[in-house]
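Only one structure is covered here, and it is reproduced in the block below.
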Amino acid sequence: MLLQQLVNGLMLGSTYSLIAIGYALIFGVLGLVHLAHGEVFMMGALIGLQIVLWLHAGPAVALVGALLGTAALGVLIELTAFRPIRARNGPIFAPMVSTIGVGLILQEVATKAFGGEQVGFPHRLEPLTWRLGPVTISSVQLLILGTALVLMLALHLWVTRTRMGMAMRASAESTLTARLLGISTDRVILVTFAVASALAGAAGVLVGLSFNAISPFMGIDMGVKGLAIMLLGGLGNIYGAMVGGLLLGAIEVLSVAYLASSYRDAFVFGVMILILLFRPQGLFGVGQVR
Amino acid sequence: MVSHGKFARFALAVLTLSALALGVAGPASAQAKIGVLMPLSGKGASYGAHQQVAIKMFQDKGGALNLVVYDTRGENTDAINLTRKLIGSDHVVAIVGPLFSGESEVTFPVAVQGKTPIITPTSAKPGIAAANRPWAFRNALTSDKLDGALVEKWLAANPGVKKVVILVDTKDAVSKSDGGIVLPAALKDRGVTVIDSISFQTGDIDYSAQVTKAKSLNPDGLVVAALYNEGANVVRELRKQGLTQPIVAGLGIMDPRFIELAGPAAEGVMTVNDFWTDNPDPAVARWVAEYKQRSPTPPSNAAALMYDTLDIVRACVEKSGVSGKPDDLEKDRERMRDCLSRVKDYKAPVTGSTTFNADGDALRQPVVLVVRKGKFESVR
C-alpha cells in the first residue's frame with residue numbers, strides 16, 4: 001500500500017508544485033503575493049474543460065489551450081490589479097488586496113458562466129490503467145507527472161539559460177538596479193505573470209483530469225496550499241516550491257493513509273508550522289528573512 | 291419578539307435572494323405566506339435546481355401558494371439567518387425547508403423559538419425533528435427507516451459479503467450519521483463486520499489515498515456514505531484503482547447527477563429512497579413526464595419531496611382555517627402546526643400515502659434501488 005500511496009502523493013504533489021511555482025515566480029520579482037492565483041488555477045481547469053466540450057478535443061489540446069488562456073489572464077491581472085497601483089506608488093500591500101477582489105470576480109464570473117455545480121471531464125477521456133504489481137498507474141497520472149516534469153524543466157532552462165530568464169532573476173534581486181542596467185522591468189513582470197499563470201492553468205487541467213471535480217470554488221483550498229508551499233520552500237524560490245509541493249503532497253496522502261483522514265489539512269499545516277519554526281526562511285530559503 | 295419594523299430593516303442587511311413573489315388575489319387564506327429555504331447555489335445546488343422546477347410546476351397547477359423563497363447556499367449560518375428573517379420580518383405561517391440535515395439541525399430550534407411550524411422535505415438524519423417538538427416536521431424518511439431494507443437487499447444480492455469498509459463524508463450531517471451509526475448498526479445486525487471506517491470531507495477533490503487504504507484492507511464489500519458529488523468521485527476512484535467489490539451507498543447519492551458524474555463506475559451501486567424517476571406507477575410516471583417537459587434533467591427525490599411537501603402545506607392552509615390576517619399570525623401558525631401533526635394516510639401526489647409519526651417524521655414505503663445502464667432501477 002505504501003508504494004501506491006507514494007504514487008498518489010506524487011500526483012497530488014506535482015500539481016501543488018505547479019501552483020506553488022507560480023506564487024514563487026511572482027513573489028520573486030514583485031515581493032508580493034498574488035492572492036487570485038488559486039482562481040487562475042480554477043480558470044485553467046474550466047478553460048480546459050470548455051475546450052474538450054466544444055471542440056471535442058483531447059487532453060493535450062485542453063492543456064495547451066489552458067496554458068495560453070491563463071497566460072493571457074495573468075497578463076490581464078498584472079495590467080489591472082498590480083501595475084496601476086505600482087505606477088501610482090500605492091501602499092505596498094494594496095495590490096494584494098486588489099487581487100483578493102480579482103479572485104472574487106473570477107469566482108463569480110465562473111459561477112455565472114458555468115454554474116456553481118461541480119462538473120467533470122467527459123467519460124470518453126476515462127484513463128487507461130496499468131497494474132504494475134501492487135501499484136495501479138493510469139494514463140492521466142503519467143500525463144500529470146510528464147507535464148509537471150516537462151514544465152518544471154522548461155522553467156529551469158528558461159530561468160537559467162535565456163536572456164529573459166536572466167533579466168527576471170536580475171529584477172528579482174533588485175528591481176531598481178535591473179532598471180538602471182537597462183532592463184525593462186515592466187516587461188519582465190508581465191512575462192513572469194504570464195508564465196506563472198500558465199503553470200497554474202496547466203495544474204488546473206491536470207487536477208480536473210485526475211480528480212474530475214471542477215467547480216468555481218476549487219481554487220480556494222488549492223490557492224491556500226500553494227501559498228503555504230511557497231512559504232515552506234523558501235519565499236520566492238522556485239526550486240523550493242517544486243520540492244515543497246511534492247513533500248506536502250506526500251505528507252498529505254500519508255496522513256490520510258496512516259492517521260485520521262479528516263485531519264489531513266490540519267496535519268499538513270501543522271507540519272508546515274513546525275518546519276517554519278525551525279527554518280523560518282523555508283527549506284530552500286537563504287539568509288535573512290526580510 | 292423584537293419590534294417588526296426594526297427587524298425588517300435589520301434583515302435587509304442579511305443576504306436576500308430571488309423571491310418567487312406571487313401576489314395572487316383570492317380567498318384570505320391565499321394571502322398567508324409560506325417560506326421556502328433551499329440551496330440554489332453552492333453546496334447542493336443541483337438538489338435546489340430540482341426543487342425550483344418542482345415549485346414552479348406546483349404553482350402552475352393551480353391553487354398557488356404565496357411563497358417567499360430564499361437561497362441558503364447549503365450553509366448553516368445562512369439557513370439560520372434566513373429562518374429568522376422568514377419568521378420575524380416576512381411573517382410566514384409555515385416554513386418549507388431547509389434541505390440538508392446540517393441546516394435542519396440548526397434551524398429547527400430557531401423555528402421552535404419563533405413558534406413557527408417548519409417542515410423539511412428532505413433531511414434524513416434520525417432524531418432531528420424529535421428533538422424539536424412540536425414545531426418541526428419532516429416529509430422524509432429518516433435513514434434508520436431506510437437503511438435496514440437497503441442492507442437486507444444488498445446482502446441478498448451479494449451473499450459473499452462478510453466484511454466491509456465504510457467510506458464516509460464526516461462533514462455532511464446525514465452522511466456522517468448514516469456512515470457512522472445507522473449503516474454500521476444495520477450491517478452488524480446482519481452479521482457483517484465493519485473492518486474500518488475511512489473519512490473524507492464535503493468538497494474534497496482527491497480521494498486516491500482513502501481508496502488505496504480501503505483496497506489494502508481487502509474487504510468483500512464497500513459502503514459509501516456521501517452526497518452525490520463526493521459519492522460519485524469516490525465510486526469512480528474505487529473502480530479506477532481496480533476495486534471490483536459490490537458497493538452500497540447511503541441515500542445522499544440519490545440524484546441523477548450521481549450517475550452523470552460517476553459514469554460507468556456507477557453501475558451496480560445500490561441505494562435506497564422513497565422516490566425514483568423510473569417508477570412505473572402511473573401517477574409517478576405522469577408527474578415525471580410533466581417534470582421532464584420543464585427541465586432538461588429528470589427529477590430527483592428532492593424535487594418530488596418538495597412537490598409533495600408543498601401539497602401537504604397547501605392542504606393545511608386550506609383546511610385548517612388559516613385566515614392570513616396579520617393579527618392572526620400566532621393563531622395561524624398554531625393551526626398549521628396542529629394540521630401538520632395530524633397528517634395521516636395523506637395521498638401525496640408523487641410519493642403516495644404519507645403519515646407523520648409522533649416524532650414529526652414521515653412514514654412511507656422505502657424502495658431499494660440499483661444503478662443499471664445509467665438509470666436507477668428498483669430491486670425486487
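Residue numbers (the numbering used here), protein chains in the order written: chain A, 1 to 290; chain B, 291 to 670.
Positions of the beta carbon are idealized from the N, C-alpha and C atoms, including for glycine.
Query: On the CB-based measure, 16 or more other CB atoms within 10 Å of its CB, does R161(A) come out buried or exposed?; Result: exposed
Query: Beta carbons nearer than 8 angstroms to chain B: which residues of the segment 124-155 of chain A have them?; Result: E126, P127, T129, R131, T136, S138
Query: Measuring alpha carbon to alpha carbon, tell me which residue in A556(B), F646(B), S590(B), N523(B) is nearest I537(B).; Result: A556(B)
Query: If we count Cβ pairs, one from each stretch, closer than 8 angstroms, do we get three or more for the segment 572-583 of chain B versus the segment 342-349 of chain B?; Result: yes
Query: What is the rounded straight-line gap between the Cα of L176(A) and the Cα of R83(A)?; Result: 16 angstroms
Query: I need the DSSP call for W158(A), collapsed to helix, strand or coil.; Result: helix
Query: What in chain B is Cβ-close to G120(A), meaning under 7 angstroms?; Result: L551
Query: Closer than 8 angstroms, Cβ to Cβ, to anything on chain B: give me those residues from the segment 2-28 of chain A, in chain order.; Result: Q4, Q5, N8, G9, M11, L12
Query: Which chain B residues are close to M218(A), counting only those with a beta carbon under 7 angstroms from its beta carbon?; Result: I495
Query: List the residues that DSSP assigns as beta-bridge partners of Y636(B).; Result: T644(B)
Query: Can you tell me where the beta strand (DSSP E) holding F490(B) begins and where it ends?; Result: 483-490
Query: Roughly how many angstroms lie between the CA atoms of M230(A) and L246(A), to the nearest whole one?; Result: 12 angstroms
Query: Quick check: is the beta carbon of P474(B) nearer than 8 angstroms to any beta carbon in chain A?; Result: no
Query: Find the residues of chain B that neighbour V102(A), judging by a C-beta separation of less than 9 angstroms, and give them in chain order.; Result: Result: empty, since nearest Cβ-Cβ is about 20 angstroms, beyond 9 angstroms.
Query: Is the separation between the beta-carbon of L376(B) and that of V358(B) shorter than 8 angstroms?; Result: yes
Query: Where D186(A) and S14(A) are concerned, what is the direct C-alpha to C-alpha distance, given to the nearest angstrom?; Result: 30 angstroms
Query: How close, in whole Å, do the beta carbons of H34(A) and G553(B) come, if the pair is a contact with beta carbons under 8 angstroms?; Result: Not a contact, Cβ separation roughly 36 angstroms.
Query: Which residues in the same chain as V402(B) place their Cβ atom closer than 6 angstroms to its Cβ, once the five residues preceding and following it in sequence are excluded?; Result: N422, W425
Query: Taking all protein chains shown into account, do 16 or more other C-beta atoms lie within 10 angstroms of the C-beta of K112(A), making it buried, or fewer, making it exposed?; Result: exposed
Query: How would you call W130(A), buried or exposed, if buried means at least 16 neighbouring beta carbons within 10 angstroms?; Result: exposed
Query: Helix, strand or coil, according to DSSP, for N508(B) in the structure here?; Result: coil
Query: Does any C-beta atom of chain A lie closer than 8 angstroms to the C-beta of S585(B)?; Result: no
Query: Tell me the start and end of each unbroken beta strand (DSSP E) in the segment 394-480 of chain B that is at least 3 residues and wholly inside, in chain order.; Result: 408-410, 426-428, 453-459
Query: Under three-state DSSP, which class holds S210(A)?; Result: helix
Query: At 8 angstroms on the CB atoms, spell out the chain A contacts of P554(B), in chain order.; Result: H123, E126
Query: Skipping 5 residues on each side, what residues in its chain have a beta carbon closer than 7 angstroms to that of K461(B)?; Result: Q491, T492
Query: How many angstroms separate the CA atom of K225(A) from the CA atom of T70(A)?; Result: 19 angstroms
Query: Taking Cβ to Cβ, would you say N591(B) is nearer than 8 angstroms to L551(B)?; Result: no
Query: Using a threshold of 8 angstroms, state whether the C-beta atoms of P411(B) and L595(B) are closer than that.; Result: yes
Query: So D510(B) and V559(B) are in contact, right, with Cβ under 8 angstroms, and what is the actual spacing, rounded?; Result: 16 angstroms between Cβ atoms; not a contact.
Query: I'd like to know whether the C-beta atoms of G9(A) and L277(A) end up nearer to each other than 8 angstroms.; Result: no
Query: By a C-beta neighbour count over all protein chains shown, 10 Å radius and 16 as the cutoff for buried, is S174(A) buried or exposed?; Result: exposed
Query: I'd like the list of long-range same chain contacts for V140(A), defined as Cβ closer than 7 angstroms, with 5 residues on each side in sequence excluded.; Result: P127, L209, S210
Query: Within the continuous beta strand (DSSP E) that includes L357(B), where are the two ends?; Result: 356-361
Query: For a contact meaning CB atoms closer than 8 angstroms, what does G116(A) contact in chain B?; Result: S331, G332, A335
Query: To the nearest angstrom, how far is it from the Cα of P589(B) to the Cα of A539(B)?; Result: 19 angstroms
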